[in-house]
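Note that my numbering has the sequence shown beginning at 825, numbered continuously upward.
See below for the structure under consideration.
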Amino acid sequence: NSGINAEWPLRPWLLKIQITLPAIFKAPLRPDVVHFVHSNIAKNHRQAYAVSKEAGHQTSAESWGTGRAVARIPRVRGGGTHRSGQGAYGNMCRSGRMFAPTKTWRKWHRRVNRKMRRYAICSAVAASALPALLMDRGDKIENVLEVPC
825 NSGINAEWPL RPWLLKIQIT LPAIFKAPLR PDVVHFVHSN IAKNHRQAYA
875 VSKEAGHQTS AESWGTGRAV ARIPRVRGGG THRSGQGAYG NMCRSGRMFA
925 PTKTWRKWHR RVNRKMRRYA ICSAVAASAL PALLMDRGDK IENVLEVPC
């Protein structure tokens, strides 16, 4: 109970209360399971994104073919502008489409077994009962009477 530590200077008889440690604080520490569950559940808040289907193909271009000592990449047609004659469509071209354009049907979410989720929660709560781990992550526990508090 967090009220015990907050009120002990005012009511010193509260220090004599003995509370048995809940069994969850004695659960095995599995940082690998906690990391796996956290990293996979964190993916379930993502939104799908993708580039436009027409991106990089919004110009008329055709290859000049062989025999002109230039690459066979499609080139913008016409004249009278810097854009004419420039490479188009390819992923190596300026204003071309990207390689393997992103799609909205990518696998965005991950399913994690319910037992594994519960196991990770128990392991994380048990890790919060070790002063060494708390100090290692930067928690200031010098003024705390005992951990877990």
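Idealized CB from N, CA, C, for every residue including glycine.
Nothing here was measured: the structure is a model prediction, and the numbers come from that model.
Cβ neighbours of residue i in the same chain (closer than 8 angstroms, five flanking residues each side left out)
{"i": "Gly807", "result": "For the chain, the structure presents residues 825 to 973; residue 807 sits outside this window and is missing."}
{"i": "Ser947", "result": "Ala851, Pro852, Leu853, Arg854, Pro855, Val857, Val858"}
{"i": "Val949", "result": "Ile848, Phe849, Ala851"}
Backbone CA spacing between residue i and residue j [nearest angstrom]
{"i": "Val900", "j": "Trp929", "result": "32 angstroms"}
{"i": "His906", "j": "Arg935", "result": "51 angstroms"}
{"i": "Arg942", "j": "Leu957", "result": "21 angstroms"}
{"i": "Gly880", "j": "Met959", "result": "53 angstroms"}
Residue closest to residue i, alpha-carbon to alpha-carbon, out of the options
{"i": "Ala866", "options": "Trp932, Ala951, Glu970, Glu886", "result": "Trp932"}
{"i": "Ser884", "options": "Leu958, His862, Tyr913", "result": "Tyr913"}
{"i": "Ser908", "options": "His862, Ile965, Pro898", "result": "Pro898"}
{"i": "Val875", "options": "Gly903, His869, Arg921, Thr905", "result": "Arg921"}
Span of the beta strand (DSSP E) around residue i
{"i": "Val900", "result": "898-900"}
Identity of the residues DSSP links to residue i by a beta bridge
{"i": "Gly911", "result": "Arg899"}
{"i": "Glu966", "result": "The partner list for Glu966 (beta bridge, DSSP) is empty, contrary to what the question assumes."}
{"i": "Glu886", "result": "Arg899"}
Beta carbon proximity, residue i to chain C, threshold 8 angstroms
{"i": "Thr905", "result": "Chain labels in this structure do not include chain C; a single protein chain is all it has."}
Start and end residues, alpha helix (DSSP H) containing residue i
{"i": "Ala956", "result": "955-960"}
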